[in-house]
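Colleague: Chains as they are written, first to last, in numbering that gives the first Met the number 0: chain A, 0 to 330; chain B, 0 to 262. Beta carbons: idealized from backbone N, C-alpha and C, even for Gly. Below are the structure tokens for one structure; questions will follow.
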Amino acid sequence: MSENKGVLVYCEAAGGKLTPMATELLGAGSRLAAALGEELNAVLIGSGVSDFAQEAIAYGAQKVYLVEEPFLKDYSTEPYLMALEEVVRQVAPEIILLGQTATGRDLAPWLAFHLNTGATMDCTALEIDPASQRLLMTRPVYGGNALAVQVCEFNPQIATVRAKAMAPLAKDSTRQGQVIKVAVGIEPAAIKTRVIERKMEAAAGVKLEEARVVVSGGRGMGSTDGFKQLAEIAGVLKGAVGATRPPCDKKWIADTQQIGLTGKVVSPDLYIAVGLSGASQHVSGFSSAKVIVAINKDPEANIFKVAHYGIVADWKAVLPAFTAKLKEVAG
Amino acid sequence: MKNIVVCMKQVLDPEVPLSLFKIDTEAKLAVLPKATPPVLSPFDENALEAALKIKDSQPATITVLSLGKKLTRAVVKASLAAGADQLFLLEDESFGDFNTFLTANALEAAIKKLGQNDLILCGIQAADTNAGQVSIGIASLLSMPCITFARKVELVGDSVKVERTLPEGYEVVEVPAPAVVTTSYEVGALREPDVEAFMSAGKKPLTVWNAQDLGLESGITGRTSFLKMYQPARDTRCEIMEGASPEEKAVKLVTKLKDIKVI
Chain A
0 MSENKGVLVY
10 CEAAGGKLTP
20 MATELLGAGS
30 RLAAALGEEL
40 NAVLIGSGVS
50 DFAQEAIAYG
60 AQKVYLVEEP
70 FLKDYSTEPY
80 LMALEEVVRQ
90 VAPEIILLGQ
100 TATGRDLAPW
110 LAFHLNTGAT
120 MDCTALEIDP
130 ASQRLLMTRP
140 VYGGNALAVQ
150 VCEFNPQIAT
160 VRAKAMAPLA
170 KDSTRQGQVI
180 KVAVGIEPAA
190 IKTRVIERKM
200 EAAAGVKLEE
210 ARVVVSGGRG
220 MGSTDGFKQL
230 AEIAGVLKGA
240 VGATRPPCDK
250 KWIADTQQIG
260 LTGKVVSPDL
270 YIAVGLSGAS
280 QHVSGFSSAK
290 VIVAINKDPE
300 ANIFKVAHYG
310 IVADWKAVLP
320 AFTAKLKEVA
330 G
Chain B
0 MKNIVVCMKQ
10 VLDPEVPLSL
20 FKIDTEAKLA
30 VLPKATPPVL
40 SPFDENALEA
50 ALKIKDSQPA
60 TITVLSLGKK
70 LTRAVVKASL
80 AAGADQLFLL
90 EDESFGDFNT
100 FLTANALEAA
110 IKKLGQNDLI
120 LCGIQAADTN
130 AGQVSIGIAS
140 LLSMPCITFA
150 RKVELVGDSV
160 KVERTLPEGY
170 EVVEVPAPAV
180 VTTSYEVGAL
190 REPDVEAFMS
200 AGKKPLTVWN
210 AQDLGLESGI
220 TGRTSFLKMY
230 QPARDTRCEI
240 MEGASPEEKA
250 VKLVTKLKDI
260 KVI
């Protein structure tokens, strides 16, 4: 156990830079490393990832390990797992942090089972227990109705972290660090999974995860038209439209706009929840919003226990006047 | 004849009203409310639907595995009513809490005991743990691939072909069978049982295995443990807009949001 040292952060990049998630992980990792008196390192796997090494250092990494191959351009379990395992073998970290992203949710459990250790998923808080020096991992369970604090007795301790739960360090481009290229002998032919087709369907407009304002609708919206009204509000406020699961099931809005435990996690300045009850699974997706507003005709709806401001009325009667006044004030 | 295994977990109903939800802080688990019976984890129901869709188009035997400390027969037998061919209950005192490692090992042992299979289906994550690890654990222990977030699953020759959701799109992948595949709701809601299926459910084979039957070493400890489980205090006080009409309330709300400078 004592041979494992330091915190290793699995960083992802998109759109020419580290993802916000990666910077948040480095922030969390730096605080854990400081508490342990150990190093913070980063690992980047893919094609062209050396472009992001300096950025990882600017956000706190002391060493950045790179596994770079053209055939690693898109995520695939087997080769990425092989690459990560090789880096972990060389680095022997005590703690490994990944984002609760499509990649992190895949790699973390695989890594845990391969290394005979435990992974703890979707953590919203991380700290080092001063007595045991072990990582205390807090995560929502029961759809967000409860919180659990878990600890792993084995090394490395692996955790995936929820988006927007941790703060990044201030970017410091004067920070110095080491970039280490790791060669991993991956035979592309040995990979069992064959990708036949891949299609991106990015929604137009402001990205949910980046929107300052999110206007969301639930089952109560009743139809695609209901969502058109929300889109109008989002347009005035330069925000994005989100939804709970039922509207996505009913095709009133695209699946990519789902917010919640199995959808996207957003952290806007303003979250307007219209015609949705506020079930924990959905609340999990926006609970860190600064100001939460609810419009629902049911005064007992759970959303009113979560919102800061609310109107108890049918949204059909509220939205026209709400939109008109918004245009006057913010348009 | 294809052999499909579907892992279905009995969980506390995720739709239980918050007022009835309570954590037993000693046991570090939720208390099963008497008013709401447990259910099959929703994504596991989608997994069964994926299996039934395959069976719609080719001969297949669907075996459901359900693991827990104490399984409610009416709940788990709904899988037979929906169309599964046989049900194996893995019941043991040690199968009680959120133990990823033990659960994956127990399911692996059961799957091995069942013999040859072409496909193992699970939901993306259980409605109580929300972790999504056991399916990958099973795949790891069985040395199989695990394809997650499937919205369409097919058995084509000796391959498993899966259309899976990506955060901003989708991809179609193929792996040699057998493989583990996890399903989300896009695969389709579990079909309602027809009267015939409902009636014949009682006659379909139901077997119960315990940890000893599975050859599990006693006292398999999890790789993580729970220090604490609690319900966070809800301290937000919602300011409800007053007004003679919804329109008046709407205007008040906009003014308020402008005042606090959020718009």
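1) Using a 10 Å radius around the Cβ and a threshold of 16 neighbouring Cβ atoms, would you call Gly136(B) buried or exposed?
2) Just checking my contact of Ala272(A) with Val250(B) at CB under 8 Å: how many whole Å lie between their CB atoms?
3) Run the CB neighbour count on Ala26(B), radius 10 Å, all protein chains shown included, and call it buried at 16 or more, exposed below.
4) Quick check on Leu39(B) - is its C-beta less than 8 Å from some C-beta in chain A?
5) Is there contact between the region 278-296 of chain A and the region 176-187 of chain A, where contact requires at least three CB pairs shorter than 8 Å?
6) Less than 8 Å separating the beta-carbons of Asn295(A) and Gly274(A)?
7) Flag this pair as yes or no: are the beta carbons of Leu106(A) and Val6(A) separated by less than 8 Å?
8) Helix, strand or coil, according to DSSP, for Glu92(B) in the structure here?
9) I'd like the span of the beta strand (DSSP E) that includes Glu126(A), first residue to last.
10) May I have the straight-line CA-CA distance separating Arg244(A) from Thr173(A), to the nearest angstrom?
11) Let me see if you follow: with CB-CB separation under 8 Å, is Trp251(A) close to chain B or not?
12) Measuring straight from C-alpha to C-alpha, what distance separates Ala203(A) and Ala230(A)?
13) Mind listing, in chain order, the continuous beta strand (DSSP E) runs of no fewer than 3 residues lying wholly within the region 258-324 of chain A?
14) Would a check of beta-carbon distances place Val261(B) closer than 8 Å to chain A?
15) Would you say the beta carbon of Val48(A) is closer than 7 Å to some non-hydrogen atom of the ligand PLP?
16) Have a look at the DSSP bridge pairing and note the partners of Lys16(A).
17) May I ask you to list the residues that DSSP assigns as paired with Gln115(B)?
18) Identify, in the order they occur along the chain, each residue of the same chain with its Cβ nearer than 6 Å to the Cβ of Phe303(A), setting aside the five sequence neighbours on each side.
19) Would Phe153(A) and Arg222(B) be called neighbours here (beta carbons separated by less than 8 Å)?
20) Below 8 Å CB to CB, which residues in the same chain sit around Glu170(B) once its five sequence neighbours on both sides are set aside?
21) I believe Glu208(A) touches Val265(A) by the beta-carbon criterion, under 8 Å. Please report the beta-carbon distance rounded to the nearest angstrom.
22) I'd like the span of the alpha helix (DSSP H) that includes Leu140(B), first residue to last.
23) Starting from Ala312(A), find everything on chain B with Cβ-Cβ shorter than 7 Å and list it in chain order.
24) When we look at the beta-carbon of Phe70(A) and count the other beta-carbons within 10 Å, is it buried (16 or more) or exposed?
25) Can you give the beta carbon distance from Met20(A) to Ala239(A), rounded, assuming they're within the 8 Å contact cut?
26) Should Glu67(A) go down as buried or exposed, given a rule of 16 or more other Cβ atoms within 10 Å for buried?
27) Does Gln149(A) come out as helix, strand or coil in the three-state DSSP assignment?
28) Which residue spans inside the region 24-112 of chain A form an unbroken alpha helix (DSSP H) run of at least 4?
29) Below 8 Å on the Cβ atoms is my guess for Val148(A) versus Leu134(A); work out the distance and round it to an integer in Å.
30) Can the beta-carbon of Ala49(B) be found closer than 8 Å to that of Ala200(B)?
31) Out of Leu39(B), Thr220(B), Gln132(B), Lys68(B), which has the shortest C-alpha to C-alpha gap to Leu28(B)?
32) Gly117(A) touches chain E at which residues, Cβ-Cβ below 8 Å?
33) Is the CB of Ser65(B) under 8 Å away from at least one CB in chain A?
34) Do we get a CB-CB distance below 8 Å when we pair Pro175(B) with the residues of chain A?
35) Can you give the Cα-Cα distance for Leu113(B) and Leu80(A), rounded to whole angstroms?
36) Return the residues of the region 231-245 of chain B that lie within a Cβ-Cβ distance of less than 7 Å from chain A, sorted by chain order.
Modeller: Reading off the structure:
1) Label assigned to Gly136(B): buried.
2) Under the criterion of beta carbons closer than 8 Å, Ala272(A) and Val250(B) do not qualify as touching, at roughly 19 Å.
3) When all chains shown are included, Ala26(B) counts as exposed.
4) no
5) no
6) A contact, by the Cβ cut-off of 8 Å.
7) no
8) In this structure, Glu92(B) counts as helix in the three-state DSSP scheme.
9) Its beta strand (DSSP E) spans residues 124-127.
10) 45 Å
11) At least 8 Å separates the CB of Trp251(A) from every CB of chain B.
12) 12 Å
13) 269-273, 290-295, 308-311
14) yes
15) Looking at this structure, you won't find the ligand PLP or any other ligand, since it has none at all.
16) Ala13(A)
17) DSSP lists no partner for Gln115(B).
18) Closer than 6 Å at Cβ, skipping near neighbours: Ala293, Gly309.
19) yes
20) Glu162, Arg163
21) 6 Å
22) 133-141
23) Pro245, Lys248
24) exposed
25) Not a contact, Cβ separation roughly 18 Å.
26) buried
27) strand
28) As for any alpha helix (DSSP H) of minimum length 4 sitting wholly inside the region 24-112 of chain A, the runs are 52-57, 76-90, ordered along the chain.
29) The Cβ separation is near 11 Å, so there is no contact.
30) no
31) Lys68(B)
32) Among the protein chains in the structure shown, which are A and B, there is no chain E.
33) no
34) yes
35) 29 Å
36) Pro231, Arg233, Thr235, Cys237, Glu238, Ile239, Met240, Pro245
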